[in-house]
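Enquirer:
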Amino acid sequence: MKLFKQILLATTLLVTAISPCMAADADPDMLKVALLPDENASELIKRNEPLKNYLEAKLNKKVELIVTTDYSSMIEAMRFGRIDLAYFGPLSYVMAKSKSDIEPFAAMIIDGVPTYRSILIANTESGIDSYADIKGKKMAYGDRASTSSHLIPKTVLLEEGGIEAKTDYEQHFVGSHDAVAVNVANGNADAGGLSEVIFKYVVERKLIDPAKVKVLGYSKPYPQYPWAMRSNLNKDLKVKIKDAFVSLDDKEILKNFKAEGFAPITDADYDVIRVMGKLLNLDFSKM
Numbered sequence: 004m005k006l007f008k009q010i011l012l013a014t015t016l017l018v019t020a021i022s023p024c025m026a027a028d029a030d031p032d033m034l035k036v037a038l039l040p041d042e043n044a045s046e047l048i049k050r051n052e053p054l055k056n057y058l059e060a061k062l063n064k065k066v067e068l069i070v071t072t073d074y075s076s077m078i079e080a081m082r083f084g085r086i087d088l089a090y091f092g093p094l095s096y097v098m099a100k101s102k103s104d105i106e107p108f109a110a111m112i113i114d115g116v117p118t119y120r121s122i123l124i125a126n127t128e129s130g131i132d133s134y135a136d137i138k139g140k141k142m143a144y145g146d147r148a149s150t151s152s153h154l155i156p157k158t159v160l161l162e163e164g165g166i167e168a169k170t171d172y173e174q175h176f177v178g179s180h181d182a183v184a185v186n187v188a189n190g191n192a193d194a195g196g197l198s199e200v201i202f203k204y205v206v207e208r209k210l211i212d213p214a215k216v217k218v219l220g221y222s223k224p225y226p227q228y229p230w231a232m233r234s235n236l237n238k239d240l241k242v243k244i245k246d247a248f249v250s251l252d253d254k255e256i257l258k259n260f261k262a263e264g265f266a267p268i269t270d271a272d273y274d275v276i277r278v279m280g281k282l283l284n285l286d287f288s289k290m
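Residues in the sequence shown are numbered from 4 upward in steps of one, following our numbering.
#1: Hey, could you find the ends of the beta strand (DSSP E) F265 is sitting in?
#2: How do the region 73-80 and the region 212-222 stand: do at least 3 beta-carbon pairs fall below 8 Å, yes or no?
#3: Use the C-beta contact count for T158: other C-beta atoms within 10 angstroms, 16 or more gives buried, fewer gives exposed.
#4: Less than 8 Å between the CB atoms is what I'm expecting for L38 and N51, so what's the real figure, rounded?
#5: Would you decide whether T72 is buried or exposed? Buried here means 16 or more other CB atoms lie within 10 Å of its CB.
#6: Here's the rule: buried if 16 or more other CB atoms are within 10 angstroms of the residue's CB, otherwise exposed. What is V97?
#7: DSSP beta-bridge partners for H175?
#8: Can you grab the Cα-Cα spacing for the pair P40 / V70, in whole Å?
#9: With DSSP run on the structure shown, which of helix, strand or coil describes S121?
#10: Starting from the Cα of A125, find the closest Cα among G115, S250, K138, I113 and give me that residue.
#11: Thinking C-beta only, is A194 closer than 7 Å to I112?
#12: Taking the C-alpha atoms as reference points, what is the distance between R85 and A44?
#13: Do A135 and G164 come within 7 Å of each other at the CB atom, strictly closer than that value?
#14: Which residue comes first and which comes last in the beta strand (DSSP E) that contains P229?
#15: Exposed or buried, what is V200 when buried is set at 16 or more other beta-carbons lying within 10 Å of its beta-carbon?
#16: Could you check where the beta strand (DSSP E) with K2 kicks off and where it finishes?
#17: So, with DSSP's three-state summary, where would you put M279?
#18: Which same chain residues, not among the five before or five after D270, have their C-beta less than 8 Å away from its C-beta?
#19: Below 8 Å on the Cβ atoms is my contact criterion, and I expect Y225 with P93 to pass it. Report the Cβ-Cβ distance as a whole number of Å.
#20: Any idea what DSSP makes of S151, helix, strand or coil?
#21: How would you label T170, buried or exposed, when you count the other beta carbons within 10 angstroms and need 16 or more for buried?
#22: For the putative contact between S103 and G196, defined by C-beta atoms under 8 Å, what is the C-beta separation to the nearest angstrom?
#23: Grab me the residues of L160's own chain with a C-beta within less than 7 Å of its C-beta, minus the 5 sequence neighbours each way, in chain order.
#24: If I measure Cβ to Cβ from M33 and keep anything under 8 Å in the same chain, skipping five residues before and after, which residues do I get?
#25: Taking the C-alpha atoms as reference points, what is the distance between S95 and Y144?
#26: Suppose the cutoff is 6 Å on Cβ atoms and the five residues either side in sequence are ignored; what does the same chain contact list for V275 look like?
#27: Classify L283 as buried or exposed, calling it buried when 16 or more other Cβ atoms lie within 10 Å of its own Cβ.
#28: Identify, in the order they occur along the chain, each residue of the same chain with its Cβ nearer than 7 Å to the Cβ of M25, setting aside the five sequence neighbours on each side.
#29: Could you give the residue range of the alpha helix (DSSP H) that holds V187?
#30: If you draw a straight line from the C-alpha of L88 to the C-alpha of R82, how long is it?
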């Protein structure tokens, strides 16, 4: 009996030690592809049906599009092997990488480059004309794990405005980029930060009255949102997945990503995000 208990304990420890991701099928019949949850879920899935059809044809596999409830749940889904590919924001990728064996393989190209900027905006009636004016005001961010709607604008305010969250202003997380724009426009927040591309989209779709919002400034360029996959996927499958994105030229699919194409990318390209995290004293593995 004692020997049986010892064997049982050893087996339990071995199973526990195995990474959850490594237990997933390396060459699944169906690929589970997660989209960044920064807009309405049903709208995202409907809009990306052409991507699903394209990947199924290119990879000769079934594809299921998934939109998790928030960034954190997508990171956990990747960690436990419940998704195979994911379209991350730079910060959520770095967070996921700190917890999972994953690798980035492609990033969007917009205006000829694989970079993007955050935009900082204010309500026209807030009395805010500069970053320093946000002191004592309400600042809206998207998701805590968002790069362009949290990490970048918060860094801009610290470095260029000399003001720090909680100490100098109230920070409120409203979930998504479009929600930031709406909250600033309707006066629920005095100012906010979000992706420049999504802000333009919100204005073009007339989701806000642009007369109620003013632009305070822009961040410097940062590496674009990466696509990442489980590192333990079949080697040939990984090559096919990367090639499918880098060679993608379907205008309808690219329009949904507001992109011109996709470029190869590596983990090292996101070291700049890790540097920003240290500036703000963030522990990515605990976020």
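We treat Cβ as the ideally placed atom computed from N, Cα and C, and that holds for glycine.
Expert: In short, the structure shows the following:
#1: 264-267
#2: no
#3: Residue burial annotation: T158 is buried, with at least 16 other C-beta atoms found within 10 angstroms of its C-beta.
#4: 6 Å
#5: exposed
#6: V97 should be labelled buried.
#7: A143
#8: Counting only the Cα atoms, V70 lies some 6 Å from P40.
#9: strand
#10: The residue with the shortest Cα to Cα distance from A125 is K138.
#11: no
#12: 18 Å
#13: yes
#14: From DSSP, the beta strand (DSSP E) with P229 extends over 229-233.
#15: The C-beta of V200 has 16 or more other C-beta atoms within 10 Å across all chains shown, which makes the residue buried.
#16: Since the first residue shown for the chain is 4 and the last is 290, residue 2 is missing from the structure and cannot be characterised.
#17: DSSP places M279 in helix when its eight states are reduced to three.
#18: K100, E106, P107
#19: 6 Å
#20: Three-state result, S151: helix.
#21: exposed
#22: Actually they are not in contact, since the Cβ atoms of S103 and G196 sit about 27 Å apart, beyond 8 Å.
#23: Y134, I137, I166
#24: K64, K65, V66, E67
#25: 15 Å
#26: Same-chain partners within the cutoff: there are none.
#27: exposed
#28: Confidence at M25 is low in this model, with a pLDDT of 45, below 50, so its placement is unreliable and no value can be given for it.
#29: 180-188
#30: 11 Å
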